[in-house]
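**Q** My questions will all concern the structure given below.
Protein chains: 2
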Amino acid sequence: MSTDLMPNRFTPGEATIPLRETELIARRDNVLGSSYRLQYRRPVHFVRGEGMWLYDPDGRRYLDFYNNVPSLGHCNPEVNAAMAEQASRISANTRYLEPRLVDYAERLVGTFPQELNRVVFTCTGSESNDLALRIARLVSGCEGVIVTSHAYHGTSAATAMVSPNLGDAVKLSPAVRMVSLHGPAGVSEKQAAAFFEEQVRSAIADLNRRGIGVAALLFDSIFSSDGVWVDPPGFIAGGVKAVREVGGLVVADEVQPGFGRTGKNMWGFELHEVVPDLVTLGKPMGNGFPIGAVVGRKASMDRFGAAARYSNTFGGNTVGIAAADAVLTILYRDRIKEHAHVMGERLRAGLEHLAIRHPGVRGVRNAGLFFGIDIGLDGTGAAGRRAMALEIVNLLRDDGVLISTTGANEDTLKVRPPLVCQAEHVDRFLEAIENALKKAAAPV
Amino acid sequence: MSTDLMPNRFTPGEATIPLRETELIARRDNVLGSSYRLQYRRPVHFVRGEGMWLYDPDGRRYLDFYNNVPSLGHCNPEVNAAMAEQASRISANTRYLEPRLVDYAERLVGTFPQELNRVVFTCTGSESNDLALRIARLVSGCEGVIVTSHAYHGTSAATAMVSPNLGDAVKLSPAVRMVSLHGPAGVSEKQAAAFFEEQVRSAIADLNRRGIGVAALLFDSIFSSDGVWVDPPGFIAGGVKAVREVGGLVVADEVQPGFGRTGKNMWGFELHEVVPDLVTLGKPMGNGFPIGAVVGRKASMDRFGAAARYSNTFGGNTVGIAAADAVLTILYRDRIKEHAHVMGERLRAGLEHLAIRHPGVRGVRNAGLFFGIDIGLDGTGAAGRRAMALEIVNLLRDDGVLISTTGANEDTLKVRPPLVCQAEHVDRFLEAIENALKKAAAPV
C-alpha cells in the first residue's frame, strides 16, 4: 500500500502503456508537480465528454460510473449555456450589488431546514470545509475537531490536517480526534448508535482533558472515504448531542453526498434527521464550474461575520452563480433526486442478485446513487480483498467502465454515476461488473 | 477604523441609498453570511460589464480602475469563447490524461526563469498561498513564516493566520513574524535594503530562539496591501538571502502583481532580480474564471509530492485551463505588458503633474498599471489623511470611477485598471481625480 493510501493509482512500469500515452505521461511528469496522481494501472486519456460517457482520442467510449461532479452529465448543454450567457453579460464580485447572487442564495437556503438560512460562497469543497473550521473555531473559542477514522475533508492546510485518509505523510493536527463508525461486525442498530456516541464522548473527554476543547464534529454525511455508510438512519444522533452539550458545532460535509445524490433527500444529513450548524457544499454544485458554499445558522454566521471579513475573489461571482442556478433548476424540474432513487433501487437490486451468485461480493450499501460494494472472497485476508477490489476496478476500466475504491482497507468499490444515468447504463454496469467479478475470482 | 481594517466599506445609515438598492441590501443581509462587505458609502450595483466599463441598472456607466481580475477587460469575448468551446467538449480533471493541461503547463512555466519548472493548479489565490505554505513547511520541516506588516495572503485558515491585514479579530499564527518595509522617511535606497534585511534577520533569530524555525519568507512582490511599494529595485535581496541561509523557502505571491500588471515584467519578483522557490498565482490568470497555481522548483515540488498527494477536484480542469490559455495567448499577442507599461507611464506623468498643483497628493508609486497614490494635506494627522483618501474614493465613485484604498493607514489610493485601458481612460481618470481632489481639499 502506498504511503498516501491511494491504491488505484498509476505506477510507472506496472502495466504496458501505449506510446501516445507514455509520451504524454513523460511530458506531464516533466512539468506538473509530483503531487499529482493518475488513476488506473493504465491511465485513461479523454478528449470528449457527453452525458454518461467519456471518449478517448480513438473514439472509444467509457461509461462514467465514478465522477460525482458532472451530476447532470458531462458537458450539460443547459448549464453551459447559462454559464456562457452570464459570462457575456457580467462576472460581478460580491462587493458590488447584483440581484442574481441574492436570488440564488435565497433559492439555495430554501432547500435546507429553516434554521439553516445564511450562506457564504467559496470556489471548492476544500474552501468550504476550511471556512467551516474557521467559523466553528471562532464561535466555540476552541480548536478540537472530531472526524471519522478515514475521513477526507480537503486539500487546504487546515482541512488536510483533519483528513486521516491522506496517510501518514500528511501531519494530522494535534487538535483532531478520530472516531470509528462501527463496532465489531454483527452489532445491532441500537448498538451502532451507542458505539458511535461512546467514541465521540471519549474524544470530547480527551480534548477537554488537554485544554483543547471542542470546536466541531465534522462528518461527511455518507462517510464516503470510510467506505460509504448509511445505516442505521440516525446512528450519529447521540454523538451530535454530545458535541452540542460542550458547545461544539456540528458540521455536515455535503461536498460528496449533497445535491440529491442520496436519492430521496437533497442532503445526506436528512437521512439521519439531524440539523447541523454548518453545511459545506462543493463538487456537483455547478456541474463542473468551481463553486462551493457554507450554509449555516444565523447566530454562528453573525458571530463570525462580526469579527472577520471573508472576501473570496471568485466565490459568488455571477458566472458560477449562473451555473449553480441552472443546476438547481434542472434538479427540481427533472426530479433528479427522485430519479436517482429509482436508478439506485435498480442498481441495488442488480447487485444484490449478483451477490447471491458471486461470493466475491461481500456487501452492498447505498443511498440513491452513492454505492459502496465490499469485495473479497472468504478466507482471504485484508491484502487479498484489497487486491481483488483493485483488480476489479482495473478490469472494468479495460472494459470501458470507470469506478474506484474506498474504505479503511480500500476493498470497497466506490460507485457514483452522474445522476442522469438511465436503466440501460445501470444494466451495462451490472453486466460489466459481473464479468469483472468472474475474471477476478478465477484462479490465475 | 473598523476592527477589520476595511475603511472603504458600506455602513448602513451613513449615506442615503435609493430604494431599489435598499431593498436589495435588505434581502442580501437576510441570506448572506455577515462576513460579506459591500464597498463604498453608497454601494454600487452592476448588471453588465464590457471592457473598461461596468453598467448599473439605469445604464449609467462606471470606469473600472480597480478590478485586477478582468485584466483583459470585462466579459472579454475571446476568453469567453475559449471557455464555452472547451466546456462543450470536455471538462476533464487531472487524474485523467488530457493534452491541453500539459500544453498549458508547459507554456506557463516557460514564462518563468528556468529554475521554476513545475506547476500545480488550484482554483484561487488563497488556495495557491495555502498550498505554498504546506510545501514550504513540509520541505523545511519548520513552521515559521515571515510576512510584511500589513500583508494579505488569503482567506483560508492557514493564509488568514499569516495575514495581519485582516485585523485584530482574526488570530495570527504563533509562528508568523511581521517585518516592516521601510525605516524612517528619507532613508537612502541602500538604507532601505539594509533595514529590510535587518528586520528579516531579527525575525529569523526570534523564530529559531523559540524552536519554531523558518519555513518561508512570503511576500507580495508589489506589497499591495502595505501600500504598493516598488523601490528601490532589489531592496528585498538581503532578506531573501538570510531566509535561504537557514533553509527557509522564498515564496513570491504574484496573485496581484502577476501576469504583466507591473508593466515591463511578467512577474513582480523580476523587478527585484530574485528567483523565488515558489510563486503563487491567481486573480487575472483566467480573466475571471477561478484558476490559480503554484509554480516552483523541481526539488521542493518533488519533496512535497513524494509525501503528499494533492488532488484539487476543480484545479486544472480543462475549462479553466482553456480560459487561462486564451489569456496567455492574448497577453503575448497583444503585447499587453508593454502596453501596461506605456499606459502606466502616461498615468504616472499625469499624477505627478497633478501633485505639483494639489498638495493633497503626497506621493505616487507604481509599476506598470499598479499604483499607490498617497493622500493627505500637510499638517493633518493619520486620521485626517485616511478620511481624505476615503472621501476621494467615494467622490470618484459618485463621479463614475472605481478605485479603493490601501496601506498601513489606508491613506493610499489603490489604482489597478484592467490592462487593456487606453489613453482616453487614463485621461478620464486624471480629470476625475483632479475634481475629487479639489472637492476633498475644499473647506466644508
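Those sequence lines, one after another, are chains A and B.
Mapping to this note's numbering: the first sequence position 38 is 38, numbers consecutive.
Mapping to this note's numbering: the second sequence position 350 is 1350, numbers consecutive.
Yeah, the Cβ is synthetic: ideal placement off N, Cα and C, and Gly gets one too.
Just so it is clear, the structure is predicted and the values come from calculations on it, not from any experiment.
1) Look up F1219 of chain B in the DSSP assignment and say whether it is helix, strand or coil.
2) How many Å lie between V79 of chain A and Y1104 of chain B at the Cα?
3) Go through its chain and collect everything with a Cβ distance to S2 of chain A's Cβ below 6 Å, but skip five positions before and after it.
4) Determine the DSSP secondary structure at K414 of chain A, reduced to helix, strand or coil.
5) Between the Cα of I1336 of chain B and the Cα atoms of B:D1029, B:N1076, B:S1071, B:R1303, which residue gives the shortest distance?
6) Less than 8 Å between the beta carbons of I1146 of chain B and V1243 of chain B, yes or no?
7) Do A1092 of chain B and T1380 of chain B have their C-beta atoms closer together than 8 Å?
8) Could you give the DSSP three-state label for H339 of chain A: helix, strand or coil?
9) CA-CA distance, G144 of chain A and P174 of chain A?
10) Are the beta-carbon atoms belonging to Y1040 of chain B and N1076 of chain B less than 8 Å from one another?
11) Mapping DSSP to helix, strand and coil, what is A1308 of chain B?
12) Is it the case that the stretch 1156-1168 of chain B contacts the stretch 1351-1369 of chain B, given that we only count it when at least three CB pairs across the two stretches are under 8 Å?
13) Looking at chain B, which residues of the stretch 307-336 of chain A have a Cβ within less than 9 Å of any of its Cβ atoms?
14) Check the Cβ-Cβ distances between A158 of chain A and every residue of chain B, and say whether any is below 8 Å.
15) Using a beta-carbon distance cut-off of less than 8 Å, what residues from the stretch 1012-1029 of chain B approach chain A?
16) Leaving out the 5 sequence neighbours to the left and right, which residues in its chain are closer than 6 Å to I1433 of chain B when beta-carbon positions are compared?
17) Do the stretch 228-235 of chain A and the stretch 297-307 of chain A make contact, defined as three or more Cβ pairs closer than 8 Å?
18) Helix, strand or coil: how does DSSP classify D398 of chain A here?
19) Between the alpha carbons of Q191 of chain A and G13 of chain A, how many angstroms are there, rounded?
20) Who are the neighbours of N1080 of chain B on chain E, taking C-beta pairs under 8 Å?
21) Taking C-beta pairs closer than 7 Å, name the residues in chain B that P113 of chain A reaches, listed in chain order.
22) Against M6 of chain A, what residues of chain B qualify as contacts under a CB-to-CB distance less than 8 Å, listed in chain order?
23) Identify the residues that DSSP records as bridge partners of N1366 of chain B: which are they?
24) Which residues of chain A have a Cβ atom closer than 8 Å to the Cβ of K1283 of chain B, listed in chain order?
25) Flag M1 of chain A as yes if its beta-carbon sits less than 8 Å from any beta-carbon of chain B, otherwise no.
26) Where does V119 of chain A land, buried or exposed, given buried means 16+ other C-beta within 10 angstroms?
27) Does the stretch 1366-1384 of chain B come within contact of the stretch 1408-1423 of chain B, defined as at least 3 CB pairs closer than 8 Å?
28) Got a sec: which bits of the stretch 1122-1151 of chain B sit with their beta carbon under 9 Å from any beta carbon on chain A, in order along the chain?
29) Hey, quick one: how far does the alpha helix (DSSP H) through Y1104 of chain B stretch, first residue to last?
30) Let me check one thing: in DSSP terms, what residues is G1051 of chain B bridge-paired to?
31) Give a yes or no on whether the minimum CB-CB distance between T1094 of chain B and chain A is below 8 Å.
32) Buried or exposed, going by whether 16 or more other CB atoms sit within 10 Å of the CB of D206 of chain A?
33) Please list the partners that M301 of chain A has in chain B, where partner means a Cβ-to-Cβ separation under 9 Å.
34) For G286 of chain A and G1234 of chain B, I'd like the C-alpha separation in whole angstroms.
35) For E1023 of chain B, count the other beta carbons within 10 Å of its own beta carbon; 16 or more makes it buried, fewer makes it exposed. Which is it?
36) I'd like to know whether the C-beta atoms of A447 of chain A and A216 of chain A end up nearer to each other than 8 Å.
**A** On the basis of the data shown:
1) strand
2) 25 Å
3) Low local confidence applies: a pLDDT of 40 at S2 of chain A is under 50, so the model's placement there is unreliable, with the coordinate-based value given in what follows. Closer than 6 Å at Cβ, skipping near neighbours: no residue.
4) strand
5) B:S1071
6) yes
7) no
8) helix
9) 8 Å
10) no
11) coil
12) no
13) A307, A308, R309, Y310, S311, N312, T313, F314, G315, G316, N317, V319, G320
14) yes
15) E1021, L1024, I1025, R1027, R1028
16) none
17) no
18) helix
19) 47 Å
20) Structure shown: chain E not included; protein chains present are A and B.
21) Those within 7 Å of P113 of chain A in chain B number zero; the least Cβ separation is about 15 Å.
22) R1309
23) B:F1371
24) T313
25) Per-residue confidence for M1 of chain A stands at a pLDDT of 36, beneath the threshold of 50, marking its modelled position as unreliable; the derived number appears in the next sentence. Chain B contact via Cβ: absent.
26) buried
27) yes
28) T1122, C1123, T1124, G1125, S1126, E1127, D1130, L1131, L1133, R1134, I1135, R1137, L1138
29) 1099-1109
30) B:H1074
31) yes
32) exposed
33) L1032, G1033, S1034, S1035
34) 44 Å
35) exposed
36) Any answer about residue 447 of chain A is impossible in this case: the structure gives chain A only from 1 up to 444.
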